[in-house]
Amino acid sequence: ALVVVFSPLPRLRDLLQRCWGRLERGLLPGFSGGQSLPWGPALAVQAPAVLPQPVNDTSESDEAPGLLDSILWMAAPKKRRTIEVNRCRRRNPNKLIKVKRNIDVCPECGNLKQKHVLCGYCYAKVKAETRLIRMEIHKKEGGPFNAPTVETVVLYDGEKPTEKDEGKRIIERARKRPSWFVQN
Numbered sequence: 006a007l008v009v010v011f012s013p014l015p016r017l018r019d020l021l022q023r024c025w026g027r028l029e030r031g032l033l034p035g036f037s038g039g040q041s042l043p044w045g046p047a048l049a050v051q052a053p054a055v056l057p058q059p060v061n062d063t064s065e066s067d068e069a070p071g072l073l074d075s076i077l078w079m080a081a082p083k084k085r086r087t088i089e090v091n092r093c094r095r096r097n098p099n100k101l102i103k104v105k106r107n108i109d110v111c112p113e114c115g116n117l118k119q120k121h122v123l124c125g126y127c128y129a130k131v132k133a134e135t136r137l138i139r140m141e142i143h144k145k146e147g148g149p150f151n152a153p154t155v156e157t158v159v160l161y162d163g164e165k166p167t168e169k170d171e172g173k174r175i176i177e178r179a180r181k182r183p184s185w186f187v188q189n
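Counting from 1, position 184 in the sequence shown corresponds to residue 189 in the numbering used here; the numbering is continuous, with no gaps.
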């Protein structure tokens, strides 16, 4: 008995080539303006809207351009980067967080801050006090469109207006003046 064994790979390759050819023949009439069948297969390829024209080759062929002709092939690495190379790249001293040497203690509140930068804690206090002063101004005048075009002076408990403050808008606060809010 003679047993003949055929490898399935050539048959499979032929089947795929036939299917791919049918798919291209079904799609290309739709690109060229002709009517394609409404029940034809759909395929999404990220490529230009019109298939590019192939460069004129010296070899004469009557085949239609294939779908793979319009794909832009990207570069790929030839070898995998080793763990040592990756770690050296990631742990490069230029990429690490720099140690700050300009840290100082805030003279007002005692919290740490950068030199020549406003302390964050003190800024929060100034922001809250400014918001309260603006609320007082809003209560007194009723809105931003009724504001006079003169300078504003904020007076705290125990403070009286001076001769320089005549003709200015005076806002009174019912509390002691904060140490960081300097009087002009």
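C-beta: ideal position from N, C-alpha, C; glycine also.
Nothing here was measured: the structure is a model prediction, and the numbers come from that model.
Query: G45 - DSSP class collapsed to helix/strand/coil; Result: The predicted position of G45 is uncertain, since its pLDDT is 49 and thus under 50; a value taken from the coordinates is nonetheless stated next. Coil.
Query: I138 versus I175, E89, A80, N99, residue with shortest Cα-Cα distance; Result: I175
Query: Best match in W78, P183, W25, P153 for proximity to V131 [C-alpha to C-alpha]; Result: P183
Query: C-alpha distance - W25 paired with P82, whole-angstrom precision; Result: 29 Å
Query: Distance between T87 and R95 (C-alpha atoms, nearest Å); Result: 12 Å
Query: 8 Å contact criterion, which E29 and A80 should meet: CB distance rounded; Result: That belief does not hold up - the Cβ atoms of E29 and A80 are roughly 27 Å apart, past 8 Å.
Query: Buried versus exposed, by CB contacts within 10 Å (16 or more), K118; Result: buried
Query: Local Cβ density within 10 Å of Q104, reported as buried at 16 or more and exposed below that; Result: Looking at the sequence shown, residue 104 is not Gln but Val. It is exposed - the Cβ of V104 has fewer than 16 other Cβ atoms within 10 Å.
Query: R96 - DSSP class collapsed to helix/strand/coil; Result: coil
Query: Alpha-carbon spacing of P166 relative to K144, whole angstroms; Result: 21 Å
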